[in-house]
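Just so you know, the sequences run in chain order V and B. Residue 1 is where the first sequence starts when you use this note's numbering, and the numbers rise one by one after that. Residue 1 is where the second sequence starts when you use this note's numbering, and the numbers rise one by one after that. Every residue, glycine too, gets a C-beta built ideally from N, C-alpha and C. Before any comments, here is the structure.
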Amino acid sequence: MRGWVRDWIRRRQGPDRDDVTLRRGRIYILPTGLGLAFGVMLVAMLLGSLNYANNLGLVLTFLLGALGFVAMHACHRNLEALVVKTAGTEPPFAGQPAVFRFALANHGRAPRFDLETTSTAGGPSGTSVAGGGEATVEIRVPTRRRGSIELERVEVATRYPYGLFRAWAVLHPDLACVVYPSPAAGAPPPPLSPSLSGGGSRRRGDDDFAGLKDYHPGDPPRHIAWKAYARAGELLVKEFSGDAETIPVFDLADAPGGDLEARLSILARWIVDASARGMTYGLRLPGDEIPPEPGESQRRRCLAAIARFEAPATDVA
Amino acid sequence: MSPERQESFNRLAWTMAGLVAALGPHFLRMQAWVSAFVIGACAWRLLAERRGWRMPPAFLRGLIAAGVTVGVMAGYSTITGLDGGTALLALMSALKLLETRTARDHAILIFIGWFLCLSAFLYAQDIATAAWVLPTVWLLAAALLRVSRHGAEGLAPRPFRTTGAMLLKAVPVALVLFFFFPRVEGSFWGAPSSERALTGLADEISPGDISELTLNDVVAFRVRFEGNPPPPSLRYWRGPVFSQFDGFSWSRGDVQSFRGAAVAYAGAPVDYTVTLEPTGQHMLFALDMVENWTPGLAGQAWDFGLRTRRPVNAVLQYEARSYPRYRAGEDIGLALRNASLRLPPNRNPRSTELALRLRGQAGSDVAFVRAVLDLFREQEFYYTLTPPGLARDSVDDFLFNTRQGFCEHFASAFTSLMRAAGIPARVVAGYQGGDWNPLGGYMIVRQSHAHAWSEIWLPGTGWRRVDPTSAVAPERVERGLEASFAGSELLPDALARGTPLLWQARMFWDNLNAQWNDGVIQFNRATQDALLSAFGFDDPDWKAFAAALGIGLGLAVALLLAWLAFEFRPRRTDPASTAYRRFTRRLARRGIEHEVGEAPRDFARRVRRLRPDLGTPALAITETYLRLRYGPAPAATDLRLLRGLVARFRP
Numbered sequence: 001m002r003g004w005v006r007d008w009i010r011r012r013q014g015p016d017r018d019d020v021t022l023r024r025g026r027i028y029i030l031p032t033g034l035g036l037a038f039g040v041m042l043v044a045m046l047l048g049s050l051n052y053a054n055n056l057g058l059v060l061t062f063l064l065g066a067l068g069f070v071a072m073h074a075c076h077r078n079l080e081a082l083v084v085k086t087a088g089t090e091p092p093f094a095g096q097p098a099v100f101r102f103a104l105a106n107h108g109r110a111p112r113f114d115l116e117t118t119s120t121a122g123g124p125s126g127t128s129v130a131g132g133g134e135a136t137v138e139i140r141v142p143t144r145r146r147g148s149i150e151l152e153r154v155e156v157a158t159r160y161p162y163g164l165f166r167a168w169a170v171l172h173p174d175l176a177c178v179v180y181p182s183p184a185a186g187a188p189p190p191p192l193s194p195s196l197s198g199g200g201s202r203r204r205g206d207d208d209f210a211g212l213k214d215y216h217p218g219d220p221p222r223h224i225a226w227k228a229y230a231r232a233g234e235l236l237v238k239e240f241s242g243d244a245e246t247i248p249v250f251d252l253a254d255a256p257g258g259d260l261e262a263r264l265s266i267l268a269r270w271i272v273d274a275s276a277r278g279m280t281y282g283l284r285l286p287g288d289e290i291p292p293e294p295g296e297s298q299r300r301r302c303l304a305a306i307a308r309f310e311a312p313a314t315d316v317a
Numbered sequence: 001m002s003p004e005r006q007e008s009f010n011r012l013a014w015t016m017a018g019l020v021a022a023l024g025p026h027f028l029r030m031q032a033w034v035s036a037f038v039i040g041a042c043a044w045r046l047l048a049e050r051r052g053w054r055m056p057p058a059f060l061r062g063l064i065a066a067g068v069t070v071g072v073m074a075g076y077s078t079i080t081g082l083d084g085g086t087a088l089l090a091l092m093s094a095l096k097l098l099e100t101r102t103a104r105d106h107a108i109l110i111f112i113g114w115f116l117c118l119s120a121f122l123y124a125q126d127i128a129t130a131a132w133v134l135p136t137v138w139l140l141a142a143a144l145l146r147v148s149r150h151g152a153e154g155l156a157p158r159p160f161r162t163t164g165a166m167l168l169k170a171v172p173v174a175l176v177l178f179f180f181f182p183r184v185e186g187s188f189w190g191a192p193s194s195e196r197a198l199t200g201l202a203d204e205i206s207p208g209d210i211s212e213l214t215l216n217d218v219v220a221f222r223v224r225f226e227g228n229p230p231p232p233s234l235r236y237w238r239g240p241v242f243s244q245f246d247g248f249s250w251s252r253g254d255v256q257s258f259r260g261a262a263v264a265y266a267g268a269p270v271d272y273t274v275t276l277e278p279t280g281q282h283m284l285f286a287l288d289m290v291e292n293w294t295p296g297l298a299g300q301a302w303d304f305g306l307r308t309r310r311p312v313n314a315v316l317q318y319e320a321r322s323y324p325r326y327r328a329g330e331d332i333g334l335a336l337r338n339a340s341l342r343l344p345p346n347r348n349p350r351s352t353e354l355a356l357r358l359r360g361q362a363g364s365d366v367a368f369v370r371a372v373l374d375l376f377r378e379q380e381f382y383y384t385l386t387p388p389g390l391a392r393d394s395v396d397d398f399l400f401n402t403r404q405g406f407c408e409h410f411a412s413a414f415t416s417l418m419r420a421a422g423i424p425a426r427v428v429a430g431y432q433g434g435d436w437n438p439l440g441g442y443m444i445v446r447q448s449h450a451h452a453w454s455e456i457w458l459p460g461t462g463w464r465r466v467d468p469t470s471a472v473a474p475e476r477v478e479r480g481l482e483a484s485f486a487g488s489e490l491l492p493d494a495l496a497r498g499t500p501l502l503w504q505a506r507m508f509w510d511n512l513n514a515q516w517n518d519g520v521i522q523f524n525r526a527t528q529d530a531l532l533s534a535f536g537f538d539d540p541d542w543k544a545f546a547a548a549l550g551i552g553l554g555l556a557v558a559l560l561l562a563w564l565a566f567e568f569r570p571r572r573t574d575p576a577s578t579a580y581r582r583f584t585r586r587l588a589r590r591g592i593e594h595e596v597g598e599a600p601r602d603f604a605r606r607v608r609r610l611r612p613d614l615g616t617p618a619l620a621i622t623e624t625y626l627r628l629r630y631g632p633a634p635a636a637t638d639l640r641l642l643r644g645l646v647a648r649f650r651p
């Protein structure tokens with residue numbers, strides 16, 4: 001039943017791209033358990049008041065009934081015309097929750113209270129948005145293994161006011177988030193002398209000017225070629241060659257062990273450690289090579305590459 | 001206190017405030033141990049929350065629950081009646097307090113609070129109760145709003161205010177439901193039974209009872225006359241009739257039944273509507289002699305009193321028609337005659353002797369009656385609010401010893417003298433007189449108008465009213481107690497009666513109560529039919545009710561939706577942007593579209609390039625707009641300028 005309703009809603013609404021404004025057609029509302037209990041109470045009060053022809057009892061009953069009715073509309077209104085925007089993801093290591101961010105924008109005057117954003121796997125998190133304001137909410141989806149995790153369905157719901165009704169809207173953002181392999185604990189250090197079998201590694205240092213390359217965030221500012229920038233308006237970085245530092249290229253083949261996942265974990269550990277030390281490094285996987293670069297984007301690129309890595313048919317162990 | 005503890009305490013404080021307010025009207029009505037238990041539980045829970053004590057374990061709570069249920073069974077002898085049910089509800093709320101943690105627990109307490117509000121209305125529907133209970137309903141709803149929120153920090157609604165706004169929005173829907181929801185006649189199950197001691201006339205009367213009642217200014221009933229009210233000397237409201245005398249007090253006696261007697265009516269009738277306050281008794285009050293009354297409400301007993309099947313536990317309204325001139329029960333049965341002559345043996349011997357002597361001196365029954373009334377008038381009998389207590393043979397003691405009495409003393413003595421002399425007689429209690437309320441145009445009959453008089457049977461005239469009090473204090477009948485006891489401190493509200501302004505204020509308040517009784521408490525199927533007729537539904541049936549309810553609810557809901565739409569309306573964009581948008585729309589109609597992300601100045605330059613004739617106004621509009629949006633101190637004149645420029649801009 002529940003699954004059928006979900007499929008029906010998904011067929012009805014289709015996938016959501018970009019910002020979604022919650023219109024009347026996509027807001028559903030039902031009484032909660034408390035709301036049903038409230039209804040039973042009202043029926044009992046109505047019968048009692050009618051039986052005793054007690055007009056003030058009827059006033060009380062009708063006033064509470066009307067209050068429930070107003071609460072239903074207020075609950076619906078609390079979601080209506082709310083704008084839900086995707087606001088990025090934060091890739092986790094396997095075992096940690098993946099974070100999907102959404103911004104809830106309220107273009108109305110009245111504040112929206114107690115908005116819960118949930119997904120099939122995530123927990124509730126209530127938030128309120130002032131009139132004309134915007135709030136960011138996070139949906140955390142637990143992960144177990146590396147690869148990619150998808151957020152197919154998000155519910156924006158509210159029980160405000162009184163918790164007698166629950167109004168909700170379903171979004172199908174079809175967002176995916178990379179899940180990095182978790183870095184192995186107690187991994188062996190990366191091989192000091194780079195393996196020559198795979199083409200060796202270049203050496204980089206500070207000694208001799210070797211040429212210009214594109215700037216990447218994380219490059220030391222003192223290496224920026226300011227003259228070149230003044231000329232061309234493009235940020236370039238001077239490269240030097242020397243033997244002050246060995247630039248490692250982490251190779252899957254160098255990671256010990258028989259199990260592919262364990263070896264990928266070791267690679268992840270090497271990348272995380274090297275990145276933490278601000279080193280420049282590269283990555284080599286069967287069928288894929290990432291040239292050495294320093295910086296945060298390199299870390300992401302390398303971790304994403306091992307997250308998505310799938311062993312070729314003939315594994316070179 | 002940690003933030004979580006503080007939050008938990010605040011939630012508890014809201015719920016408890018609502019609950020205590022709902023219990024408010026019941027505290028004095030409930031048995032003392034129930035009130036004490038409830039207050040104790042509240043206090044303990046607040047302390048426990050402050051000090052972080054542990055809640056009592058489940059088995060202990062179960063034990064207490066069983067204990068209080070048995071207590072209610074023992075104390076109230078039932079748990080289903082209004083008294084027992086209310087006490088049980090109060091005790092259960094107190095028990096629930098001992099385990100309240102989750103939002104659900106709080107909600108249950110709040111629901112119990114609303115039930116207690118309903119129960120308060122089953123006890124009383126007066127203005128004071130409504131004025132207490134309706135804010136309580138608001139407070140309880142605010143508490144529900146407060147405790148039902150979870151996990152949200154920062155921006156929070158103000159519970160009382162938000163709920164007030166919601167209740168205000170609920171009022172139209174509630175009013176439509178109140179007016180057009182069809183009322184049922186009769187009831188599905190029994191009426192609420194409450195064992196309350198109410199002030200008023202009872203089924204027995206002893207010397208001193210009525211003089212005590214007279215000190216009470218509480219309203220007994222209100223009467224609205226069609227046409228003029230009858231003169232004061234005819235304002236005798238018949239209540240219980242007492243036929244059995246035990247030598248000291250009068251009672252209705254064993255519920256003996258005699259044949260109903262025929263009444264011949266004469267003269268002009270008086271039509272009126274009585275709104276009777278709850279009495280807890282079976283009798284209705286009507287002017288002598290009542291001919292017709294709201295059908296099905298009551299039956300007329302052999303003693304001409306109107307009696308209902310169920311006790312009058314709520315405000316009751318009935319119509320009646322009476323004829324001040326009548327001849328009742330000319331044909332007296334032997335059994336009734338004997339019962340109306342019976343005196344207890346060997347009691348009040350001196351009175352019996354007096355009666356026989358006077359009857360012997362007088363030639364006829366009528367002359368004897370006059371002789372007894374002359375005795376009261378001419379000898380030293382005193383009409384007083386504070387009669388001394390009487391001995392066991394109350395008539396002898398009064399006639400020969402104290403000689404000070406109130407109406408019931410005179411009625412009792414007169415009736416027993418009649419009986420002793422062989423004239424069937426009985427004591428009638430009721431009310432005599434009434435305060436006219438000029439503001440509302442109705443008569444207020446208070447407990448202080450309580451009165452007792454005699455009724456004697458004579459051949460050829462039937463049962464006739466004789467008021468011996470009028471022989472001693474004729475002004476009592478003509479002008480009321482105040483005339484008899486002018487300046488007495490004992491009279492209820494002597495101060496108010498003596499001060500015109502206070503008296504006016506009291507009449508205003510009483511009129512408000514009367515309106516409340518007529519408009520709110522007595523709103524019933526008949527009133528509904530009249531209301532529907534006013535809207536053009538003649539002879540309303542269920543279709544008329546459905547139509548009225550549908551139309552009314554439709555209007556109320558439309559109002560509600562408009563209200564909500566206004567509250568949740570989009571934020572107004574600033575007027576400069578609105579004017580600028582009108583400018584771009586006009587250009588778009590001429591094929592010059594404002595591109596997304598195109599800066600206003602670039603756009604203006606493009607306009608000049610494409611339509612050189614529009615260049616100057618377009619640039620002026622753009623510059624004014626930019627000054628308004630981004631200038632350091634936008635002037636109001638600029639806005640007017642921009643609007644003017646845009647209005648004159650006709651590409």
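Query	Result
Looking only at its chain, what residues have a beta carbon closer than 7 Å to the beta carbon of B/F410, apart from the 5 residues adjacent to it on each side?	F376, P468, T469 and V472
If contacts are defined as beta-carbon pairs under 8 Å, then V/T158 and V/I139 qualify, I think. What distance do you get, rounded to the angstrom?	Contact doesn't hold; Cβ gap of about 16 Å is too wide.
With three or more C-beta pairs closer than 8 Å as the rule, is the segment 144-153 of chain V touching the segment 173-181 of chain V?	yes
Grouping DSSP H, G and I as helix and E and B as strand, with all else coil, what is B/N292?	strand
Quick one: give me the first and last residue of the alpha helix (DSSP H) that B/H106 is part of.	A103 to Y123
Under 9 Å, Cβ to Cβ, is there at least one residue of chain B near V/T61?	yes
Per DSSP, B/W436 forms a beta bridge with which residues?	B/M443
Rounded to a whole number of angstroms, what is the C-alpha to C-alpha distance between V/A87 and B/C117?	49 Å
I'd like to check one pair, V/L283 with V/A255: are the Cβ atoms closer than 9 Å?	no
List in chain order: all unbroken alpha helix (DSSP H) runs of 4+ residues lying wholly within the segment 22-108 of chain V.	33-51 and 55-79
Is B/A94 helix, strand or coil when you go by DSSP?	helix
Of all the CB atoms in chain B, is at least one closer than 9 Å to the CB of V/F113?	yes
Is DSSP giving B/P500 helix, strand or coil here?	helix
Establish whether the CB of V/R17 and some CB of chain B are separated by less than 9 Å.	no
What's the call for B/D396, buried or exposed, on a 16-neighbour Cβ count within 10 Å?	buried
In the segment 223-269 of chain V, which residue ranges form an unbroken alpha helix (DSSP H) of at least 4 residues, counting only runs that do not cross its ends?	226-232
Determine, for V/M279, whether the minimum Cβ-Cβ distance to residues of chain B falls below 9 Å.	no
Determine the DSSP secondary structure at V/D273, reduced to helix, strand or coil.	helix
Could you pull out every residue in the same chain whose Cβ sits closer than 6 Å to the Cβ of V/T89, ignoring the five residues on either side in sequence?	F100 and C177
Out of V/P91, V/G39 and V/L67, which has the shortest C-alpha to C-alpha gap to B/V173?	V/L67
How is the alpha helix (DSSP H) around B/A142 delimited, first residue to last?	I127 to S148
Please report the distance separating the alpha-carbon of V/A268 from that of V/L151.	24 Å
In chain order, which continuous runs of the beta strand (DSSP E) of length 3 or greater are located wholly inside the segment 121-200 of chain V?	126-129, 134-141, 147-151, 154-158, 165-171 and 175-179
Do the CB positions of B/P207 and B/F398 come within less than 9 Å of each other?	yes
Might you give, ordered along the chain, the residues of its own chain that have their beta carbon closer than 6 Å to the beta carbon of B/A604, omitting 5 neighbours on each side?	A618, L619 and T622
Starting from B/I521, trace the alpha helix (DSSP H) in both directions and tell me its first and last residue.	It is not in any alpha helix (DSSP H) - B/I521 carries neither H nor E in the DSSP assignment.
Could you check which residue in B/T69, B/T102, B/G405 and B/V133 has the C-alpha nearest to that of V/L63?	B/V133
Please classify V/R11: does DSSP put it in a helix, a strand, or coil?	helix
Which value, in whole angstroms, describes the spacing of the CA atoms of B/L655 and V/N106?	Because residue 655 of chain B is not part of the residues shown, which for chain B are 1 to 651, the question remains open.
Compute the beta-carbon to beta-carbon distance between V/P173 and V/V156, rounded to the nearest angstrom, for a pair I have assumed lies under 8 Å.	Contact doesn't hold; Cβ gap of about 11 Å is too wide.
According to DSSP, is V/W4 helix, strand or coil?	helix
Please confirm whether V/R77 has its beta-carbon closer than 9 Å to some beta-carbon of chain B.	yes
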